[in-house]
Amino acid sequence: MKLVNTNLINPGEILAQTVHNDNGVVLIREGITLTEKILARLIKQGITYLYIKDKLTDDIKAEPVISNKLRSDATKMMKDIFYEIQENGLVGRAFILDNSKKKLSIVVNQILEEIQSNKKSFSLLTDIFITDNYVFQHSLNVAIYSLAIGVELNYSSKMLTEIGIGAMLHDIGKMFISPEILNKPGRLSEEEYETMKSHTVLGFEFLRKQADLPTVVSHCAYQHHERLDGSGYPRGIKDDDIHPYGKLIGIADVFDAVTSNRVYREAMLPHEGLEILYAGAVRLFDKNMVEAFKNSIIIYPNGITVLLSNKSEGIVVRQNENLCDRPVIRVMKENTYTLSTPYDLDLGKVTNVTIVDVNLDGN
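The sequence shown begins at 2 in the working numbering and counts up by one.
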């Protein structure tokens, strides 16, 4: 199978990976023929990339980072918590004071188990979901990315649990923002943007009053938009004044924001999202954390078509451990000439060839 931009898929192609909603329900099953109507609906719902069948790459697999059941269970739990808090308001005792911490801790530990049992880099690009609320999937994705960074940095179990819970709740303040602003499909006005930025303070004020939660969790909500050079918000603090969890979750937050499917813009690819982080390394983001993140993710996912420095073109077959930017490529073309017999090129062994670009037009 190969990964193709949904806008560039021709009707008649066969879907190679099932599309779910965030409750785990199958919406479009693997093997279905993609019609113009189905493609239009997927594009309208913000699905930027799809896997399609391809005879020459039938052996390529894209494994989900976490199981569909864990993803749907975690999403449902967050919906319950977030909506309960929204209904009770900032002064309400809310559901979170009762048994939510225990549920959050269980889910965080389950995610950690799945990340650590794989012992491989991962890509959330391969998890194709349609969601009715971006905040929930974003919060879960940020938790997954944050935990992966924490594992790479050898954080303790206690720290990983705090980071996981903090990441899941980092955007809880958005539940106190007007839905008209929160769900606006286009660019926010200056006034609306200032209102949106207040979610950091609103989340902090709510979470710091919750006796059942570690104090650092509230600072995850408060500081995930702060930057090392003081250009962030809400306080514009710098460097060591920012809690390490805030720095870490800020990296995961930015990466997921730019690489997620949104109705009003196409998602960036992982290597493009990573470029944004590296462009801000030292000035905006902690360089060691960015490096740890790079070591945790797949930059060029299985099934993506890449252009090589030797004028060849091929599809990523599998990953090389600890060499995130040097996977194994099935070379399909050389100097624009389509090969009758494609061959696999291991960039982990062939050091004089590099990936220079990607091609997602499906041809």
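Ideal Cβ positions, reconstructed from N, Cα and C, are used throughout, including at glycine.
For residue i, the first and last residue of its enclosing alpha helix (DSSP H)
{"i": "Pro180", "result": "Pro180 to Leu183"}
{"i": "Leu203", "result": "His200 to Leu208"}
{"i": "Asn6", "result": "Per DSSP, Asn6 belongs to no alpha helix (DSSP H); it is in the beta strand (DSSP E), Lys3 to Asn6."}
{"i": "Lys220", "result": "Note on residue identity: the sequence assigns His, not Lys, to residue 220. Here the alpha helix (DSSP H) through His220 covers Thr216 to Gln224."}
{"i": "Ile300", "result": "Where Ile300 is concerned, there is no enclosing alpha helix (DSSP H), given that its DSSP letter is neither H nor E."}
{"i": "Val259", "result": "Pro245 to Thr260"}
{"i": "Phe83", "result": "Asn69 to Asn89"}
{"i": "Gln1", "result": "Given a span of 2 to 364 for the chain in the structure shown, any question on residue 1 remains unanswerable."}
{"i": "Glu276", "result": "Pro271 to Gly281"}
{"i": "Glu227", "result": "Per DSSP, Glu227 belongs to no alpha helix (DSSP H) and is neither H nor E."}
{"i": "Leu189", "result": "Segment: none, Leu189 is in no alpha helix (DSSP H) and carries neither H nor E."}
Residue from the options with nearest C-alpha to residue i
{"i": "Ile164", "options": "Asp362, Tyr234 and Thr216", "result": "Thr216"}
{"i": "Leu28", "options": "Ile316, Thr306, Glu191 and Ile131", "result": "Ile131"}
{"i": "Gly204", "options": "Leu148, Gly251, Thr196 and Tyr223", "result": "Tyr223"}
{"i": "Val109", "options": "Ser158, Ile86 and Thr196", "result": "Ser158"}
{"i": "Gly281", "options": "Glu227, Ala63, Thr196 and Ser297", "result": "Glu227"}
{"i": "Asp350", "options": "Leu183, Ala75 and Ile330", "result": "One point to set straight first is that residue 350 is Lys, not Asp, in the sequence displayed. With distances taken between Cα atoms, Lys350 lies closest to Ile330."}
{"i": "Asp326", "options": "Val317, Tyr135 and Lys334", "result": "Val317"}
{"i": "Ala22", "options": "Glu37, Thr36 and Lys77", "result": "Note that residue 22 corresponds to Asn in the displayed sequence, not to Ala. Checking every option, the nearest Cα to that of Asn22 belongs to Lys77."}
{"i": "Asn336", "options": "Asp358, Lys312 and Val359", "result": "Lys312"}
{"i": "His139", "options": "Ser106, Glu88, Asp257 and Val359", "result": "Asp257"}
{"i": "Lys56", "options": "Gln117, Pro343 and Ala75", "result": "Pro343"}
{"i": "Arg72", "options": "Asn119, Gln87 and Glu115", "result": "Glu115"}
{"i": "Asn6", "options": "Glu37, Glu267 and Ala75", "result": "Glu267"}
8 Å Cβ cutoff met for residue i and residue j
{"i": "Ile299", "j": "Ser124", "result": "yes"}
{"i": "Leu308", "j": "Thr355", "result": "no"}
{"i": "Leu4", "j": "Tyr50", "result": "yes"}
{"i": "Arg284", "j": "Leu229", "result": "yes"}
{"i": "Val20", "j": "Ile129", "result": "yes"}
{"i": "Asn262", "j": "Gly47", "result": "yes"}
{"i": "Met2", "j": "Ile61", "result": "yes"}
{"i": "Glu14", "j": "Leu43", "result": "no"}
{"i": "His220", "j": "Gly247", "result": "yes"}
{"i": "Thr58", "j": "Pro302", "result": "no"}
{"i": "Gly233", "j": "Phe286", "result": "no"}
Span separating the alpha-carbon of residue i from that of residue j
{"i": "Ile112", "j": "Asp81", "result": "19 Å"}
{"i": "Lys239", "j": "Glu276", "result": "22 Å"}
{"i": "Leu148", "j": "Pro65", "result": "16 Å"}
{"i": "Arg30", "j": "Gly304", "result": "18 Å"}
{"i": "Asp254", "j": "Phe137", "result": "13 Å"}
{"i": "Lys121", "j": "Thr306", "result": "21 Å"}
{"i": "Gln18", "j": "Ile33", "result": "10 Å"}
{"i": "Leu348", "j": "Asn321", "result": "8 Å"}
{"i": "Asn11", "j": "Tyr52", "result": "13 Å"}
{"i": "Pro186", "j": "Glu314", "result": "36 Å"}
{"i": "Glu195", "j": "Leu9", "result": "37 Å"}
{"i": "Val259", "j": "Ser199", "result": "21 Å"}
{"i": "Gly231", "j": "Ser341", "result": "56 Å"}
{"i": "Val218", "j": "Pro235", "result": "16 Å"}
{"i": "Val214", "j": "Tyr279", "result": "Going by the sequence as given, residue 214 is Leu instead of Val. Taking the straight line from one Cα to the other gives about 33 Å."}
{"i": "Leu189", "j": "Leu183", "result": "9 Å"}
{"i": "Ser434", "j": "Tyr84", "result": "Residue coverage of the chain in this structure runs from 2 to 364, which leaves residue 434 outside it and unanswerable."}
{"i": "Met333", "j": "Asp241", "result": "49 Å"}
{"i": "Met197", "j": "Lys104", "result": "28 Å"}
{"i": "Ile107", "j": "Leu161", "result": "12 Å"}
Bounding residues of the beta strand (DSSP E) (the contiguous stretch that carries residue i)
{"i": "Tyr52", "result": "Tyr50 to Ile53"}
{"i": "Asn336", "result": "Counting along the chain, Asn336 falls outside any beta strand (DSSP E), and DSSP gives it neither H nor E."}
{"i": "Glu314", "result": "Ser313 to Asn321"}
{"i": "Val291", "result": "Note, Val291: premise wrong, no beta strand (DSSP E); alpha helix (DSSP H) at Lys288 to Lys295."}
{"i": "Val351", "result": "Careful: Val351 lies outside any beta strand (DSSP E) and carries neither H nor E."}
{"i": "Ile155", "result": "Checking the sequence shown, residue 155 turns out to be Asn, not Ile. Here Asn155 belongs to no beta strand (DSSP E), and DSSP marks it neither H nor E."}
{"i": "Asp358", "result": "Ile356 to Asn360"}
{"i": "Thr306", "result": "Thr306 to Leu309"}
{"i": "Val20", "result": "Val20 to Asn22"}
{"i": "Ile29", "result": "Val27 to Ile29"}
Counting Cβ pairs closer than 8 Å, one from the region 266-282 and one from the region 167-185, do we hit at least three?
With the cut-off at 8 Å, the region 266-282 and the region 167-185 do not touch.
Examine the Cβ distances between the region 152-159 and the region 287-305 and report whether three or more of them are shorter than 8 Å.
yes
Determine contact between the region 171-186 and the region 136-148, defined as no fewer than three beta-carbon pairs at a distance below 8 Å.
Yes: at least three Cβ pairs fall under 8 Å.
Would you call the region 195-209 and the region 173-184 in contact, with 3 or more CB pairs under 8 Å?
yes
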